[in-house]
Amino acid sequence: MERLLTQLERVNLFIGRSVAWLTLLMVLVTFAIVVLRRLDLGWIWLQESVTFMHAAVFMLGAAYTLAKEEHVRVDVFYRGASLRRRALIDAMGALLFILPVTTFLCWQSLDYVSAAWEIREGSRDAGGLAYPAVPLVKSLIPLTAVLLGIQGIVMFLRNVMLLMRTRS
Amino acid sequence: MMALVMFLAVIAIMLAGFPVAFTLAGTALLFALGGTAAGVFDPAFLGTMPNRLFGIMGNETLVAVPLFVFMGITLERARIAEDLLDTLSLLFGKQRGGLAIAVTLVGMLLAASTGIVGATVVTMGLLSLPTMLKRGYDPAVATGIISASGTLGQIIPPSIILVLLGDVLGSAYQQAQLGQGIFNPKTVSVGDLFIGALIPGLLLVALYIGWLLILAWLRPASMPPGRLEDSPPADLGSRVLRALLPPLLLIVAVLGSIITGFATPTEAAAVGAAGALTLAAIRGQLNRSRLTEIVRGTTRISSMVFLILIGASLFSLVFRGYGGDDVVRDLLTGLPGGVIGAVLVVMLVMFLLGFVLDFIEITFVVVPIVGPVLLAMGLDPVWLGIMIAINLQTSFLTPPFGFALFYLRGVAPPEVSTLAMYRGVIPFVIIQLLTLLLLAVWPAMVTWLPGVVYG
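Protein chains in written order, with the numbering used here: chain A, 44 to 211; chain B, 27 to 481.
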């Protein structure tokens, strides 16, 4: 069981660590945009690509950040709580919050995303990124929900196993 | 009514300690589903969520956040802060209180970059507390100035807090004007907020240093000068130039390009990040593994910030679905004392919320709810933003619940008593309150500079 959970988590770690390099690309492209403007050159699609890279980073990095325990907590009480109590809070939170929210987002966004593919939605701005950029970016919503849901299941099962192990 | 119940419930549940982003979204979703089942909530509200989420993904202003975080992490990993502190304390070390002043200046220059309260206070604490204690500083004085200057970064541009506030206040301002039937609304930008924060931020720094000088004169034993044998090295001048000039230039370049209109905050952030990379490379601090740390750190912090924004967005959607906006408007407009009463109440509530919630949560959850109401009462959005920022900074410093104190406690050695930390920070809390009062009496201290720059 633990091996399976580790495997699932490894998927999210791999995705998060890969999209992380987009942040460097965002810095370089935006810097290039500033320089190019001095030469009176500028393309809307280039700017849009930075925005979309940014979206990909924080969406696809969300499950990775959860695996790395870096989503901020109000830890006034949590910090001092026992290991078991913390495991209980995390198991409950994963079950009651993460799983319903990711299910909801996935289910709600499916129509929204498939509509974007069907009408071959293009950029709002003239000169923006061509089809299929917009539907692709919209597809990040259900994808993120699935990845976060997987990480939520990992979080839930790990903490339940810890609770069962430490029951004395 | 249900909206207020939900608001109190979410705060109570957050205290359990589950990550804030999911607590916000999850509680709101459960309230929405329960309300739908009971027939008191219109589920059509939930249907707009994918589009709202896509709006967050396409928000160009907020692209500045990861870029500023990138710059901050790069500067941190390149050990710029350490160098700055070392050199500045060599420069001022022989004066009484010189080290404390050096800490304030480093806080001003560098705390700006990441904007996460805990991180900056911890960094400043680890960097400077041991040195100050070794020099024989009174622990109260040392911890007081570290907490205060560690939180200063929220006010001094380019802080990511101001980027987030600028974006949220921008849409609140539009909403307020549309509500009044103004269909060609004025806008407020992140740049406005940066420029408006300059004078109040520098005022705070000046008051901190002023207090340190008074203290050095009143109680010289609390801040002993450096020993005589630590005479400055011969190359002090060039060391100061080398340590101080690059980060100073970087910050001037970032702010300068925003103020002169050469670049948007997002572009300035990219220039800053590229500059920080160059700086790190010149100092030989940039290699493959450090770059990996930088991009991964940036990804985690921006994911953390934006997931809270998404959670808060679902929360405010459900809050509105329950008619919460109207409740808050009636509450605030019905207060005695008009605008002044409303501002006082909002500030007090935010101050209290600051004991349990960090800046990001308050910006995303509370400001969208109260912002449009307050702005419709005729307040200046830049002034309101700066007041909120300084108010929350004060909250983070106020014993016994202030965030900054908790974090500093975590890295302070056990011989520094918690009571001493409380004692040390109180003068700074008073300085903060005094600044708030000054800005309330003379709002021009905030609004004058943006007016000059943007005409």
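The C-beta atom is built at its ideal place from N, Cα and C for all residues, glycine as well. Here the structure is a predicted model, which is why all the values come from computation and not from measurement.
- For residue 132 of chain B, the closest C-alpha among the options B:146, B:121, B:122 is that of B:146.
- At a cut-off of 8 angstroms between beta carbons, residue 180 of chain A contacts chain B.
- A direct Cα-to-Cα measurement between residue 330 of chain B and residue 114 of chain A gives close to 5 angstroms.
- Taking CB atoms only, residue 334 of chain B has a neighbour in chain A less than 8 angstroms away.
- As for any alpha helix (DSSP H) of minimum length 4 sitting wholly inside the segment 180-226 of chain B, the runs are 186-205, ordered along the chain.
- The C-beta distance from residue 479 of chain B to residue 285 of chain B rounds to 6 angstroms, short enough to meet the 8 angstroms contact threshold.
- At least 8 angstroms separates the CB of residue 174 of chain A from every CB of chain B.
- The contact set of residue 130 of chain A on chain B, defined by CB atoms closer than 8 angstroms, is empty, because the minimum CB distance reaches about 12 angstroms.
- Taking each of B:339, B:267, B:231, B:169 in turn and checking the Cα distance to residue 249 of chain B, the smallest one comes out for B:169.
- Between the C-alpha atoms of residue 40 of chain B and residue 180 of chain A there is a straight-line separation of about 31 angstroms.
- Flagged as an interface residue toward chain A: residue 326 of chain B, by a C-beta distance shorter than 8 angstroms.
- Counting only the Cα atoms, residue 467 of chain B lies some 35 angstroms from residue 121 of chain B.
- Taking C-beta separations shorter than 7 angstroms and ignoring five residues to either side along the sequence, the partners of residue 51 of chain A in its chain run 193, 197, following chain order.
- Proximity of chain B to residue 113 of chain A at the Cβ level (cut-off 7 angstroms) is accounted for by 326, 330, in chain order.
- In the three-state scheme derived from DSSP, where H, G and I count as helix and E and B as strand, residue 121 of chain B is classed as coil.
- Only buried fits residue 151 of chain A, as 16 or more other CB atoms lie within 10 angstroms of its CB.
- Across the segment 429-449 of chain B, no CB contact with chain A closer than 7 angstroms is found for any residue.
- By the 16-neighbour rule on beta-carbons within 10 angstroms, residue 54 of chain B is buried.
- In chain order, 325 make up the part of chain B whose C-beta sits under 7 angstroms from the C-beta of residue 59 of chain A.
- At least one beta carbon of chain A lies nearer than 8 angstroms to the beta carbon of residue 293 of chain B.
- Segment contact: the segment 373-387 of chain B against the segment 343-360 of chain B, fewer than three CB-CB distances shorter than 8 angstroms; contact not assigned.
- Per DSSP, the continuous alpha helix (DSSP H) segment holding residue 155 of chain A begins and ends at 142-161.
- Inclusion of residue 173 of chain B and residue 423 of chain B in the CB contact set at 8 angstroms is warranted, their separation being smaller than that value.
- Under a criterion of Cβ atoms nearer than 8 angstroms, the residues of chain A adjacent to residue 40 of chain B are, in order, 117.
- Note on residue 417 of chain B: 16 or more other CB atoms within 10 angstroms of its CB, so buried under the neighbour-count rule.
- Under the 8 angstroms criterion on CB atoms, residue 384 of chain B is classed as interfacial with respect to chain A.
- Contacts with chain B at 8 angstroms (Cβ-Cβ) include residue 147 of chain A.
- Beyond the five residues adjoining it in sequence on each side, residue 406 of chain B comes within less than 8 angstroms, by CB distance, of 469, 472, 473 in the same chain, given in chain order.
- The closest CA to that of residue 88 of chain A, considering only A:81, A:82, A:129, A:76, is found on A:76.
- Rounded to the nearest angstrom, the gap between the Cα atoms of residue 395 of chain B and residue 44 of chain B is 23 angstroms.
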